[in-house]
Amino acid sequence: MRRLLLVVTFLLMFGAIWIALTVGAIKGPPANPDSPVRNIFYAHVPSSICSLICFLVLLVVSIGYLYTGRPVLDLVALAAVEVGLLFATVLNATGSIFSRGEWGVWWTPTPRLVTSAILWFLYVAYLILRSSLPGSAQRRARICAVFAIIAFLDVPLVIISARFIPDMHRASFEFTSTWQTAAFVMSMMATVLLAATFIWLRADLLISESKLQEEIVL
Amino acid sequence: MFYLCLSFSSLWLVTFIYMLFLDRRIRDMSKKLKIREPKRP
């Protein structure tokens with residue numbers, strides 16, 4: 055099943071790359087129409103949505119852990135944070151490159167950019183908290199789950215700042231051809247599937263590692 | 399643009415192969431752990 059998911063993701067991503075950078079390529083900014091910088095949109099938007107989805111997964115499994123106390127849910131939460139951090143890094147890095155090419159600055163403190171940066175820092179804070187908390191594994195998992203639920207408050211802020219607060223960041227994008235729409239839909243689907251595969255792989259690895267550690271202790 | 403496309407495709411291909419390799423290793427490890435698990439009556 056996972057292998058099938060991997061193959062579908064591979065094909066979708068491969069198709070998205072070729073369509074996005076050939077027939078569906080977006081023209082550069084007026085000052086430099088040949089620049090490929092606007093094509094970063096195909097990676098930036100799916101990464102932002104995936105980093106928010108990972109936060110949603112983290113919220114659900116954290117609530118599940120507090121409710122049931124199953125250690126597996128804590129490991130899935132860790133996997134979601136690691137994958138979310140990866141996508142949040144891609145989101146901020148591609149956003150910075152786009153901003154430099156489009157507006158001439160790497161970063162500027164606007165609501166959208168600040169809330170996205172906070173999202174990245176929250177993921178990092180979760181990992182630091184997890185690795186530095188003393189005490190039993192159950193206590194650490196409980197505190198991290200509570201932190202994850204509180205940290206989720208940033209997600210509506212990111213969405214609200216994107217849609218409703220005036221910013222130099224665009225709220226939406228209009229495609230000029232069907233190829234561009236196709237490339238965007240394919241990259242969106244491929245990135246979501248990639249995030250799901252990453253979480254699955256990482257969670258499986260963490261579960262196997264914890265089983266192995268239990269055996270060593272016994 | 400063609401070279402950009404080619405480099406992204408190559409990068410993606412390498413990532414995909416690495417993920418397949420990782421998937422195989424995790425699968426093998428889970429199998430071994432399952433075999434070693436003590437059987438409950």
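Which chain is which? The protein sequence lines are A and B, in order.
Heads up, the first sequence is in my numbering, so the first residue is 55 and it goes up one at a time.
Heads up, the second sequence is in my numbering, so the first residue is 399 and it goes up one at a time.
Every residue gets a Cβ at the ideal spot worked out from N, C-alpha and C, and that includes glycine.
Distance, residue j Cα to residue i Cα
i: Pro250(A); j: Glu269(A); result: Per the sequence shown, residue 250(A) should be read as Ala rather than Pro. Taking the straight line joining both Cα atoms gives about 29 Å.
i: Ala134(A); j: Cys104(A); result: 10 Å
i: Pro165(A); j: Thr76(A); result: 34 Å
i: Trp254(A); j: Leu418(B); result: 13 Å
i: Cys403(B); j: Glu435(B); result: 48 Å
i: Phe206(A); j: Leu113(A); result: 7 Å
i: Ala191(A); j: Pro125(A); result: 9 Å
i: Phe109(A); j: Ile203(A); result: 9 Å
i: Ser262(A); j: Arg154(A); result: 43 Å
i: Asp128(A); j: Ala171(A); result: 25 Å
i: Thr162(A); j: Leu140(A); result: 22 Å
i: Arg184(A); j: Ala195(A); result: 8 Å
i: Leu181(A); j: Val137(A); result: 12 Å
i: Arg451(B); j: Trp233(A); result: Examination of residue 451(B) is not possible in this model, given that chain B is present from 399 through 439 alone.
i: Arg193(A); j: Leu409(B); result: 41 Å
i: Thr143(A); j: Pro100(A); result: 13 Å
i: Ser407(B); j: Trp72(A); result: 8 Å
i: Leu266(A); j: Leu260(A); result: 10 Å
i: Ile415(B); j: Cys198(A); result: 33 Å
i: Ile80(A); j: Lys430(B); result: 50 Å
i: Ala97(A); j: Phe152(A); result: 11 Å
i: Leu211(A); j: Asn146(A); result: 16 Å
i: Val246(A); j: Met67(A); result: 11 Å
i: Phe64(A); j: Phe201(A); result: 34 Å
i: Ser236(A); j: Thr169(A); result: Looking at the sequence itself, residue 236(A) is Ala, so the reference to Ser does not match. Roughly 29 Å between the two C-alpha positions.
i: Pro229(A); j: Glu156(A); result: One detail in the question is off: residue 229(A) reads as Phe in this sequence, not Pro. Spanning the two alpha carbons is a distance of roughly 17 Å.
Contact with chain B by residue i, beta-carbon distance below 8 Å
i: Arg92(A); result: no
i: Arg56(A); result: yes
i: Ser262(A); result: yes
i: Asp251(A); result: It is Thr, not Asp, that sits at residue 251(A) in the sequence shown. Output row for Thr251(A): interface = yes.
i: Leu140(A); result: no
i: Leu255(A); result: yes
i: Leu132(A); result: no
i: Leu259(A); result: yes
i: Leu266(A); result: yes
Interface flag, residue i vs chain A, CB-CB below 8 Å
i: Ile424(B); result: yes
Where residue i falls: helix, strand or coil (DSSP)
i: Val111(A); result: helix
i: Thr164(A); result: coil
i: Asn146(A); result: helix
i: Asn86(A); result: coil
i: Lys81(A); result: coil
i: Val159(A); result: coil
i: Phe206(A); result: coil
i: Pro188(A); result: coil
i: Phe406(B); result: helix
i: Thr245(A); result: helix
i: Phe229(A); result: coil
i: Thr76(A); result: coil
i: Arg425(B); result: helix
i: Gly123(A); result: coil
i: Met399(B); result: coil
i: Glu263(A); result: helix
Residue-chain proximity (residue i, chain E), Cβ-Cβ < 8 Å
i: Met399(B); result: In summary, chain E is missing from the structure at hand, where the protein chains are A and B.
Practice prompt. Taking only beta carbons into account, state which residues of the segment 55-87 of chain A come closer than 9 Å to chain B, listed in chain order.
Written response: Arg56, Arg57, Leu60, Val61, Thr63, Phe64, Met67, Phe68, Ile71, Trp72, Ala74, Leu75, Thr76, Ala79
Practice prompt. Give the residues from the segment 406-430 of chain B that approach chain A closer than 7 Å (Cβ to any Cβ), ordered along the chain.
Written response: Phe406, Ser407, Trp410, Phe414, Met417, Leu418, Leu420, Asp421, Ile424, Met427, Ser428
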